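Have a look at the structure below before the remarks.
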Amino acid sequence: MNSADDTAGTSGAAGTAGTSGTGEAGGAGGTSGAGGGPPGGGTPPDASPAPAPDGTTAPAPGPDGTAATAPGRDGTRTARATPATRAAPAAPTDGRDRRRPVAAALMLVMGLAAIDGTIVATAVPQIVGDLGGFAVFSWLFSGYLLAVTVTLPVYGKLSDTFGRKPVLLAGIVLFLAGSLLCAAAWNMAALIAFRVVQGLGGGALQGTVQTIAADLYPLKERPRIQARLSTVWAGSAVAGPAVGGLLAAYADWRWIFLINLPIGAFALWLVLRHLHEPARSRTTPRPRVDWAGALAVFATGALVLTTLVQGGVAWPWLSAPSLALIGASLALAALTVLIERRAAEPVIPGWVWRRRTIASVNLALGAMGLLMIAPTVFLPTYAQSVLGLGPIAAGFVLSVMTLSWPVSAALADRVYNRIGFRRTAITGMTGALLVLLAFPLLPYPGSAWHPALLMLLLGAALGLFQLPLIVGVQSTVGWSERGTTTASVLFCRQVGQSLGAALFGAVANTALAARLTDAPVPGLPGDLDGVSHALEDPAALTGAATDHLRRAVDTAVDHVFTGAAVAAVLALLVLVFMAPRRFPVLAEHEDTTPAAAD
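Residue numbers for the sequence shown follow our numbering, so the first one is 1110 and each next one is one higher.
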């Protein structure tokens, strides 16, 4: 699961003017405007009003430069009626009903992005049999992931500059165009190129969907929409392989791409019809786009991810190609920093890393992306090679994680409303750490319910970790910065996954090589893929060789889960020592959101 990820919390449209308490535990809560803070308090216990640059809590300015709020004597923040707040589209009493078409569109779009990887994976044998290109078919996934990842920061900045709706519409059109081209591909090279086109649209889908949901839903309702979006990812993880297998077996593999067209067209119509943003004023200066920075970010990200994906696979890490790619990546990264520091409106603004809250969430979720590689990539291999399960049963062992994740996310607000965003995330990652440390203690060969139970617990722990952080960080910024903030969070998580795939792949192969040096029979494979293929035909091996290979895989996966536990420790260290104790959450009436649903 691309991180059931893969999902982000949501925040809301501006409510009517009211007061909200600071949310201190045991302190007096205030009343909130439409869609205001949680019951009993305006914000979670670790949330605090956003500080001014001088460190004081200042009234938040509206888009016209006037102050929208002022601190009262008791510490509450009271909204003042300004032209900006009066013009902002407040959530009406029937706002939830009016938001439903947009929410449905967001879920459909999220489903397109979520199901893409799993539905294609099951049709690979048919695709390779028809088009050839077995040696490079892995780029069907790597090319798509690379395009999604490197475009996230660019789309985030564009959505803050030009609005969410045009970026989302462009992303849907590009994704559907890529799907249509993939269905018409005549060889593997063309299919890989068209998958990259799909990924260019997928980057807009992933980041902008999260941001629009954050615009439309207030803090109190964020866990509900988060649970819905998480459920989309969970359902896609379960349904994708089944749908892909059925289409490949009884129709044609090209239908796995054509099926996107009616779904995407309906989502496109819903967005066009029901999502509205105010037209730009003719007197408003035309926004400046840092196209040089966008190109530099794209090129740097593409080179770094190519290095991580191909290193240790297409060539050894210490070979000339790897070293050349690493050197070129560092040079491009330095050039990107130079371009961005000189740009008036950089694609990746410096404040993303200067603000402790955003920087710490980025690093923590990057560590989560790193550790997620252990279950999503290596657990199916463990289930098939060590436990002897078939592909469907092995997929079920992993899929139970996607069942507990959205449930935990839906209930997370009951925790962070009591103990705060930071402490809730620490609790969730502590639980994940214990689960990851428990995996190497499983008996050999064990039963399927052992890892399934651990995955159920891991999904619950990560749901409790991810949602408070993303909901919290989105709540610390206004509309004009939320797209960039959300994109930076998703970008760091994606980079963490790419780094984890390269790092843990090396860990697994090193552990295997150490175990196979004293193999009972000569000629056994020396990497994880080769061992997995050898175990698919146990009749070709002696009983001693089969048992030795199974134990070697068990040891290799244990090492990977231990490495994932180290990543969990890194996430905890970031939260404990770097993240602020109190998230500077904006009051609902401070967050002027120029978007509405009807």
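A virtual CB, placed ideally from N, CA and C, is assigned to each residue, including glycine. Only a predicted model underlies this, so the values are computations on that prediction, with no experimental measurement involved.
(Q) Let's see if you can read the secondary structure: which residues bound the alpha helix (DSSP H) around Leu-1550? (A) Segment: none, Leu-1550 is in no alpha helix (DSSP H) and carries neither H nor E.
Q) Counting Cβ pairs, one atom from each stretch, are 3 or more of them under 8 Å apart for the stretch 1356 to 1372 and the stretch 1221 to 1239? A) yes
Span of the alpha helix (DSSP H) around Tyr-1264: 1248 to 1271
**Message:** Can you tell me where the alpha helix (DSSP H) holding Ala-1674 begins and where it ends?
**Reply:** 1652 to 1686
Using a Cβ-Cβ cutoff of less than 7 Å, which residues in the same chain neighbour Pro-1458 once the five nearest sequence positions on both sides are dropped? Thr-1593
Checklist line | Beta-ladder partner(s) of Gly-1420, from DSSP | finding: Trp-1424
Q) Cβ of Leu-1542 within 8 Å of Cβ of Ala-1348? A) no
| task | Give me the Cα-Cα distance between Trp-1400 and Asp-1361, rounded to the nearest whole angstrom. | result | 40 Å
Using 8 Å for Cβ pairs, my map puts Met-1708 next to Val-1352. What's the rounded Cβ distance?
No statement about residue 1708 is possible, as the shown extent of the chain runs from 1110 to 1707 and does not include it.
Problem set entry | Cβ neighbours of His-1559 in the same chain (closer than 7 Å, five flanking residues each side left out) | Leu-1551
By DSSP, does Arg-1182 sit in helix, in strand, or in coil?
Note that Arg-1182 scores 34 on pLDDT, short of 50, meaning its location in the model is unreliable; the coordinates nonetheless yield the value given after this. Three-state DSSP puts Arg-1182 in coil, outside helix and strand.
Task: Element boundaries [alpha helix (DSSP H), containing Ala-1323] - done: 1297 to 1325
Just to confirm before moving on: does the CB-CB distance between Pro-1554 and Arg-1659 stay below 8 Å?
yes
#### Entry: Gly-1614, buried or exposed, once every other Cβ within 10 Å from all chains shown has been counted against 16
buried
request  = Kindly list the residues whose CB is nearer than 8 Å to the CB of Leu-1417, restricted to its own chain and excluding five residues on each side of it in sequence; keep chain order.
outcome  = Ser-1607, Leu-1608, Ala-1610 and Ala-1611
Backbone secondary structure at Leu-1384 - three-state DSSP
strand
* So what's Ala-1294 in DSSP terms, helix, strand or just coil? -> coil
Outcome for Asn-1296 when other beta-carbon atoms lying within 10 angstroms are tallied against a minimum of 16:
exposed
Open item on the list: Between which residues of its own chain and Leu-1567 is the CB-CB distance below 7 Å, once the five residues before and five after are set aside?
Closed with: Pro-1484, Met-1510, Ala-1541 and Val-1544
Can you tell me the Cβ-Cβ gap for Val-1495 and Asp-1663, rounded? I've got them flagged as a contact below 8 Å. 5 Å
Practice task
Mark Thr-1533 as exposed unless 16 or more other C-beta atoms lie within 10 angstroms of its C-beta, in which case mark it buried.
Solution key: buried
| Other residues of its chain near Val-1340: CB distance less than 8 Å, five sequence neighbours each side excluded | First, the amino acid is wrong: residue 1340 is Thr here, not Val. These residues qualify, in order along the chain: Pro-1515.
- Under 8 Å by Cβ, that's how I've got Val-1470 and Leu-1578 pegged, so tell me the actual separation to the nearest angstrom. 5 Å
Note to self: If contact is defined by three or more beta carbon pairs under 8 Å, each pair taking one atom from either stretch, is the stretch 1300 to 1316 in contact with the stretch 1281 to 1289?
What the structure shows: yes
Using the three-state DSSP reduction, which class does Ile-1435 fall into: helix, strand or coil? helix
#### Entry: Thr-1536 vs Leu-1571 beta-carbon contact at 8 Å
no
Run the CB neighbour count on Arg-1397, radius 10 Å, all protein chains shown included, and call it buried at 16 or more, exposed below.
-> exposed
Exercise. In terms of alpha-carbon separation, which member of Ala-1661, Leu-1434, Val-1666 and Leu-1633 lies closest to Leu-1650?
Worked result: Leu-1633
Ala-1519 lies in the alpha helix (DSSP H); which residues open and close that run?
-> 1500 to 1528
Notebook entry, point to check: Which of helix, strand or coil does DSSP assign to Ala-1764?
Noted result: Absent from the model: residue 1764. The displayed extent of the chain is 1110 to 1707, so no value can be given.
| Asp-1239 to Leu-1300 span [Cα, whole Å] | 12 Å
### Query
Measuring CB to CB, does Leu-1512 end up less than 8 Å from Pro-1332?
no
Open item on the list: Buried or exposed for Ser-1345, going by 16 or more other Cβ atoms inside 10 Å?
Closed with: buried
Identify the continuous alpha helix (DSSP H) that holds Leu-1480 and give its terminal residues.
1465 to 1482
- Quickly, what does DSSP pair Phe-1692 with across the bridge? List them, please. Ala-1156
Short of 8 Å in beta carbon distance, which residues of its chain neighbour Glu-1454, apart from the five on each side in sequence? Order them along the chain. Lys-1266, Thr-1270, Pro-1396, Arg-1397, Val-1398 and Asp-1399
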